[in-house]
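Working notes for the structure below.
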Amino acid sequence: MSTLSRRDFLAASASAIGLVLTACGGSKTDGGAADTAADAVAAEYTLVNEGKLTCISNLYFPPFESMDEKTGEPVGFDIDMSKSLAEHLGLEVNWLPSQAFDSLVPTIKAGGTADIAIAGMTITDARKAEVDMSDPYVDSNQSLVTKVGSEDTLETLNAAEKKIAVQAGTTGADWAAENLPNATIVPLDDIISAMNGVLTGSYDGLVTDLPVSSYQIKNSFTDLQIIEEIPTGEQYGIAISKDNPGLTAAINAALQAMEDDGSRDAIETTWFGAAL
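Position 208 (the sequence shown) corresponds to 204 in our numbering; numbering is contiguous.
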């Protein structure tokens, strides 16, 4: 893939017929210096809504996505990433209502509802079999969380009387099922419910992504603690329909442009205090 500065990216994209898009797909080609960008960015792709990058997620996974209580609008790292992706593609961003995490990949695979799912979603072989996954944009590990004062360990939580909360359909749920086989694994719709459940004693522990648990414990759930950082070596990607390979290419080119022009570093600093 060619490395493009933001200026080159936007200039080449504009040359590619101004990124004119229709629900039926628009061919975006150019000659001369713009050929590389046209090939890498926008061979041909479709959008659910003309001129808009329509996104889905589970909007209860802060700091990656959550709902602003005052405005009712989605906010978070992935939200800002989607805005920047849309800007680099000459589009507006359009967010649909929150839906269950384990429904995101099937929705993208089915097509017709959203263009991308950007949801702190780990790239896995199982997901890649169903949808295209973009180049990685965040590294992550898992974590094991308990209430402050709990004397539980990874070993003691692997017992029949222990209940471990997870978010349904996540790699954290997969890890818990594999590594805590004797415990009762409780799948929930979102991480906030899981954390509240650990806080109130409904669950003995929680397995979730380390960036999420670290952020939440620092900012909201100060009575919870991370007792185990689990080095799973995961990477987040964006889910795109296999029927829309041109959009996958465009998203990957935009991710590269965001890295080159510093916009991704700026978003990381906003949400994590420093570039990752």
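A virtual CB, placed ideally from N, CA and C, is assigned to each residue, including glycine.
Counting the other CB atoms within 10 Å of its CB gives glycine 108 a total below 16, which places it among the exposed residues.
Under the three-pair Cβ rule at 8 Å, the region 226 to 239 does not count as touching the region 156 to 163. For valine 44, the three-state secondary structure derived from DSSP is coil.
If you draw a straight line from the Cα of glycine 72 to the Cα of leucine 153, it is about 32 Å long. The Cβ-Cβ distance between asparagine 54 and glutamine 95 falls below 8 Å.
Straight across, the Cα-Cα distance linking threonine 67 with lysine 158 is about 39 Å. When secondary structure is reduced to three states using DSSP, glutamate 255 falls in the helix class. For aspartate 170, the secondary structure class from DSSP, reduced to helix, strand or coil, is helix.
The Cβ neighbour count for proline 177, taken over all protein chains shown within 10 Å, is under 16; the residue is labelled exposed.
Boundaries of the beta strand (DSSP E) harbouring glutamate 224: 220 to 236, taken from the DSSP string. If you check the CB distance, leucine 220 and valine 141 come in under 8 Å. Counting along the chain, the unbroken alpha helix (DSSP H) around isoleucine 75 starts and ends at 73 to 84. When secondary structure is reduced to three states using DSSP, isoleucine 119 falls in the coil class, being assigned neither helix nor strand.
In chain order, Ala271 place their CB closer than 7 Å to the CB of threonine 265, counting only its own chain and leaving out the 5 sequence neighbours on each side. Residue burial annotation: glutamate 147 is exposed, with fewer than 16 other C-beta atoms found within 10 angstroms of its C-beta.
In this structure, isoleucine 247 lies away from isoleucine 263, with their beta-carbon atoms at least 8 Å apart.
In this structure valine 89 touches leucine 49 by the C-beta definition: roughly 5 Å separates them, less than 8 Å. Per DSSP, reduced to three states, the secondary structure at aspartate 261 is helical.
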